[in-house]
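One structure is given here, and the rest of the page talks about it.
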Amino acid sequence: MALQFFNTYSRKLEQFSARKGGDQTIGIYTCGPTIYSRAHIGNFRAYIFEDLLQRHLEARGFNVHRVMNITDVDDKTIRGAREAGVSLSQFTKQFKRAFFEDTDALRIKRANEYPSATDQRYIDKMISMISALISKGLAYQADDKSVYFRIHNFPSYGKLAHIDLTQLQSTGRVKNDDYDKEHIGDFALWKAWDEEDGDVKWNSPWGAGRPGWHIECSAMATALLGDQIDIHCGGVDNIFPHHEAEIAQSEGVTGRKFVRMWLHCAHLLVDGQKMSKSLGNFYTVPDICAKGYTARELRYALIRVHYRTQLNFTWEVMNEARESLGRIDDWLARLHEIAQEENTGHRIERSDFENALDDDLNISAALGFLFETIRETNRAMDAGRLDRAGAASWLSWWNGVDSVLALTGQELQIPSEVLALAKAREQARLAKQWQKSDELRDKLFALGWEVRDTRDGQKIAKRAGA
Ligand SMILES: [Zn+2]
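Here it is, written out as structure tokens:
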């Protein structure tokens with residue numbers, strides 16, 4: 109089957125290929141976090157979907173160049189910094205670090221670039237885009253000194269979200285009173301400075317102020333990926349007004365189609381309800397780990413549901429993830445035992461897994477094939493029908509599958525504490541301090557790691573189920 113995705117813009121499944129005449133590089137833009145607090149698992153569900161998309165495209169031979177923006181200036185970050193009595197950059201720094209910690213823990217591939225909204229390079233680009241929009245009659249400065257996009261002069265506004273302009277209500281992202289604007293749906297491109305902003309301001313032809321949220325993405329996306337982007341992703345809550353506004357701004361300036369394919373990830377619910385701090389069902393990655401689960405189990409729980417389906421997160425779902433990973437780990441351990449480090453260079457030719465993902469990332473079907481394969485090969489091993497070369501070939505097949513799922517394998521990051529213990533154990537063994545070596549082995553086991561002594565020295569692996 110040809111590669112196809114559901115394009116939010118057309119509301120249809122569309123075939124996807126690289127641009128004609130170009131190389132096989134796919135430019136992907138993904139809306140990143142606003143760093144005023146630690147990102148929650150609903151945010152990470154979308155980031156994991158984007159990771160799956162990138163890894164599958166790479167498995168299919170494309171070269172992906174992915175950009176994810178970091179929003180480090182908006183109403184919430186400014187308020188947070190003011191309340192904490194620190195500078196904006198001091199305030200956002202901690203959440204940026206936390207974001208990367210969680211990204212790595214969840215084995216999400218790092219994007220090629222993480223531009224920040226407050227980078228002067230992009231502020232300059234935003235200002236030049238806003239100037240171009242004003243000169244084309246697509247933007248105006250209102251009495252409150254802020255600059256707004258004039259949606260009535262952009263006839264296709266509302267097309268992505270399939271929204272009727274006459275039905276528009278205030279979006280809540282706009283800071284000033286609505287009477288300053290010509291139309292309730294006009295959105296801020298540049299927000300004039302006011303007292304609450306403190307020292308957060310940049311100079312512009314319209315006076316001191318700061319950019320609106322939407323123009324950040326248009327400026328960074330076109331600056332880093334060109335006027336036209338192959339795939340733009342985000343959560344469904346980004347469709348309107350954020351992505352609609354990105355189209356209006358970008359196409360308003362360039363006159364070219366901004367995005368070839370729009371992909372949006374559905375919501376994550378917790379116990380059937382919208383996640384919120386007041387309901388006590390709001391979770392971050394460390395919250396989940398504090399309940400005794402691993403980030404790897406969380407990755408599995410978040411990746412296993414199709415991205416356009418709502419995901420209902422429960423502890424039962426986490427237990428199922430643990431069980432599924434246990435089945436994969438047990439299977440791999442059996443294969444390794446039979447293969448005995450043999451590498452025949454042969455790989456089982458079976459592409460059901462990849463074919464399923466070609467169909468709009470049909471992960472349920474792909475995982476279905478995986479577990480069917482596990483059952484089949486387990487039966488063969490039970491009956492003693494799988495030899496050393498056969499087991500090695502299945503392990504090579506798994507390496508291909510896992511380059512997309514990222515559940516085991518080389519990317520595994522071993523914490524420094526674990527590495528230090530493993531090193532101490534190796535030294536103890538060399539010094540023939542067997543008791544000490546055993547104690548260190550137990551310590552590693554308690555941390556979820558297993559050591560094996562081979563002819564080439566000590567090997568360390570994640571303990572099954574950990
Ligand atoms: Zn965005």
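Under the numbering used here, the first residue of the sequence shown carries the number 109, and numbering increases by one thereafter. Every residue gets a Cβ at the ideal spot worked out from N, C-alpha and C, and that includes glycine.
Test item: CB-CB of residue i and residue j under 8 Å
i    : j    : result
T179 : E405 : no
N261 : A225 : no
H322 : E354 : yes
T116 : I347 : yes
G188 : Y137 : no
A213 : A403 : yes
A51  : Y256 : Past the edges of the chain, shown from 109 to 574, lies residue 51, and the structure says nothing about it.
Y401 : F157 : no
R163 : K201 : no
I186 : D305 : yes
V425 : I149 : no
S511 : A167 : yes
A530 : L552 : yes
G380 : N420 : yes
Residue from the options with nearest C-alpha to residue i
i    : options                : result
Y408 : A147, L443, L160       : L160
N311 : A327, S254, N486, A554 : S254
F479 : K267, L440, C397, A356 : L440
M109 : L465, E166, E352       : L465
R533 : R560, L513, L515, R368 : R560
D182 : E525, N470, W301, E462 : W301
T330 : M237, Y391, A147, W298 : M237
K365 : L377, E352, E166, Y230 : E352
A429 : D438, H444, R412       : R412
N220 : N389, D294, L371, L333 : L333
E209 : R571, P523, K382, A528 : P523
S239 : D467, S511, T362       : T362
F461 : W505, Q566, L241       : W505
D490 : L555, N427, A554, I446 : I446
A514 : K309, L433, V175       : L433
V367 : C341, S384, V526, S386 : C341
S195 : F390, V308, E558       : V308
Under the three-state DSSP convention, the category residue i falls into
i    : result
C341 : strand
S254 : coil
T422 : coil
Q518 : Residue placement at Q518 cannot be trusted, given a pLDDT of 45 that sits under 50; what the coordinates show is reported in the next sentence. In this structure, Q518 counts as coil in the three-state DSSP scheme.
F390 : coil
A269 : coil
K540 : coil
E158 : helix
L376 : strand
E122 : strand
T226 : coil
W314 : coil
L475 : helix
V509 : helix
D550 : helix
Y248 : strand
A219 : coil
G140 : coil
R281 : At R281, the pLDDT of 47 sits below 50, so the modelled position is not reliable and the matter cannot be decided from this model.
V308 : coil
L529 : helix
I292 : coil
L111 : coil
Q336 : coil
Q132 : coil
K365 : coil
D495 : coil
T330 : helix
Buried versus exposed call for residue i [16 or more other C-beta atoms within 10 Å across all chains shown]
i    : result
D285 : Because the pLDDT at D285 is just 48, under 50, the model does not fix this residue reliably, and the value given afterwards should be weighed accordingly. Label assigned to D285: exposed.
A154 : buried
T142 : buried
H454 : exposed
K120 : exposed
W423 : exposed
R215 : buried
S264 : exposed
G280 : Unreliable positioning characterises G280 in this predicted model, as indicated by a pLDDT of 48, which lies under 50. The coordinate reading is nonetheless provided below. By the neighbour-count rule (16 or more Cβ atoms within 10 Å), G280 is not buried but exposed.
G129 : exposed
K382 : exposed
N507 : exposed
W542 : exposed
K399 : exposed
V282 : For V282, the pLDDT reaches just 47, beneath the cut-off of 50, and the residue's location in the model is therefore unreliable, although a value from the coordinates is still provided. With 16 or more other Cβ atoms within 10 Å, it is buried.
R483 : exposed
T77  : Any property of residue 77 remains undetermined from this structure, which presents the chain solely from 109 to 574.
Q: Give me every residue whose Cβ sits closer than 5 Å to any heavy atom of ligand 1, in chain order.
A: C139, C325
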